[in-house]
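**Q** Sharing a structure here in structure tokens format.
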Amino acid sequence: MNYQNEFNMKKYKSCFIVIVLAFAFVNIAKAQNPFITNQFSADPSARVFGDKVYVYPSHDILATPGHGRVGWFCMKDYHVFSSPNLTDWKDHGVIVSQDKVPWGNPTGYSMWAPDCIFRNGKYYFYFPDAVKDTSYGRGFAVGVAVADEPSGPFKVQPTPIKNVHGIDPNVFIDKDGQAYLYWAEGNIYGAKLKKNMMELASAPKILEDLPTKGLKEGPYLFERNGIYYLTYPHVANKTERLEYAISNNPLGPFKVTGVIMDASPDCWTNHQSIIEFKNQWYLFYHHDDFSPDFDKARSIRIDSLFFNKDGTIKKVIPTFRGVGLTKATQKIQIDRYTDKSNEGASINFIDTANKFQGWKTVFNQPNAWIQYNSVDFGKKPLKNVIVRALSETGGTLQVRISSSNGPIVAEIKIPKSKNWKDIKTAVVKFDPGIHNLFVLLKDNSNVEVDWISFD
Ligand code: FUB
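Quick note: the sequence shown uses my numbering, first residue 9, plus one each step.
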């Protein structure tokens, strides 16, 4: 190879690497709760495929006159997201959209909660959609799209599943290989699926003995130690809470057993899926984090889930911190905190006109603190802490580990400024490993923090 060719090859290789890296990192959300931060997302159906978790959520958008019903749910397509560690999420883009469903209303904006399952080398994606004409019944039908990979491309089948009318499809494959489809239409229905995963093998059955008062929807069934857990959102009072019922048979009858997550007064719906990943169980659910004034624009979350010895589920308390480790070298969004002092530390949007920019922590009392758990400092000493802060008074922050009185990692002087600044200060004591982090305000000042990081 002559020099010119070698140079061209090198140029070509580095271009290629830059392009690959750009593609690898584009659309990645780093996250606590909510964990998808580039769009609204709801009704998360999480699945473990290979060594990754894939999440198939609904994709809320805001209706505008002539595009959906203003003030109501509005969804025109589905994205899929994947993660190797529940912390770094990749958006694989749109997998199915309303204008590509042969039997669906192309302007229905009704692509509600979906699900996906793997069988015999194929991925089957189940989704509800508004039908385009009465030859498919009325209201919602449930369709299937099939792919060779969990992120698609998915091919939508020409007709919806016969005899299924309703929303929120969920699929379960039992240990004996029998697959079941569940869905909601006032009641919760279940039926066996044929091996082709696209036709019912039994007549739809209303699942017994579930609550009879208050809306129930969003069925999600899983099995653990021979117990079949049917989980579902139910309006026991004013808004939906996540409940479960158990059985020794995938089609019931079920015994209503408990509440997985209490209702929130701020978001009328909730919707769940439950998976085991690397020996830990997780609950996926949604809230309205990026749209606190309009609860039909939702955002998906994850928290850890635990069982009692008798197989009952311990109630999950929603957190901002979510799950997984955060590397000390990443932007640590302390506003997604584990705990905070009762006074002097509050959370606001950075920009109320663009809420997807996320949140900031506002400190305004001496000794106010915020705690952020499970930060991985690694083994190699980190020399500096960087704080993105804004302070019109100027002030002093401390970073500690273990407790608000624990060892000081760094003390940072935040200069007086009307603008956000990245302030770098030397670390005074480095402790390798995983630590709970505390950020404190040390003086009588007002300091806003976007994130902190180490290098
Ligand atoms: O996302 C639209 C609907 O809201 C879902 O289908 C229900 O489960 C509820 O979350």
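Glycine is no exception: its CB is placed at the ideal position from the N, C-alpha and C atoms.
#1: Can you check DSSP and say which residues form a bridge with Asn195?
#2: Along the beta strand (DSSP E) that carries Trp97, what are the first and last residues, could you check?
#3: With which residues is His87 paired in a DSSP beta bridge?
#4: Please classify Trp377: is it buried, with 16 or more other beta-carbons within 10 angstroms of its beta-carbon, or exposed?
#5: Short check: CB of Ile235 to CB of Ala54, under 8 Å?
#6: Go through its chain and collect everything with a Cβ distance to Gln288's Cβ below 7 Å, but skip five positions before and after it.
#7: Given the structure, does Pro241 come close to the ligand FUB, in the sense that its CB is under 7 Å from one of the ligand's heavy atoms?
#8: Report whether the distance from the Cβ of Asn411 to the nearest heavy atom of the ligand FUB is below 7 Å.
#9: Just to check, is the beta-carbon of Ile235 closer than 7 Å to a non-hydrogen atom of the ligand FUB?
#10: Let me check you understand the geometry: is the CB of Thr277 closer than 7 Å to at least one non-hydrogen atom of the ligand FUB?
#11: Check whether the Cβ atoms of Val370 and Glu248 lie closer than 8 Å to each other.
#12: Can you round the beta-carbon distance between Asp451 and Thr404 to whole angstroms, since I take them to be within the 8 Å contact cut?
#13: Run through DSSP, which three-state label would Phe357 get?
#14: Would you mind giving the Cβ-Cβ distance between Val447 and Val383, rounded to the nearest angstrom? I have them listed as a contact below 8 Å.
#15: What are the start and end residues of the beta strand (DSSP E) that includes Glu251?
#16: Considering Ile169, what are the terminal residues of the beta strand (DSSP E) in which it resides?
#17: What do you get for Asp156, buried or exposed, if any count of 16 or more other CB atoms within 10 angstroms of its CB means buried?
#18: Using CA coordinates, which residue listed in Glu193, Phe57, Asp297, Gly332 is at the minimum distance from Leu223?
#19: Tell me, to the nearest whole angstrom, how far the beta carbon of Val104 is from that of Val164; I am working on the premise that it is less than 8 Å.
#20: Out of Leu259, His242, Asn257, state which residue places its alpha-carbon closest to the alpha-carbon of Val267.
#21: On the premise that Pro166 lies in contact with Trp191, defined as a C-beta separation below 8 Å, what is that separation, rounded to the nearest angstrom?
**A** The relevant details are as follows:
#1: Glu193
#2: 96 to 105
#3: Val102
#4: buried
#5: no
#6: Ser312
#7: yes
#8: Inspection of the sequence shows that residue 411 is occupied by Ser rather than by Asn. Ser411 Cβ: outside cutoff for every heavy atom of the ligand FUB.
#9: no
#10: yes
#11: no
#12: 5 Å
#13: strand
#14: Val447 to Val383, Cβ: 11 Å. No contact.
#15: 248 to 255
#16: Premise fails: Ile169 is in no beta strand (DSSP E) and is neither H nor E.
#17: exposed
#18: Glu193
#19: 6 Å
#20: His242
#21: With 8 Å as the limit, Trp191 and Pro166 do not qualify as a contact, their Cβ atoms being about 20 Å apart.
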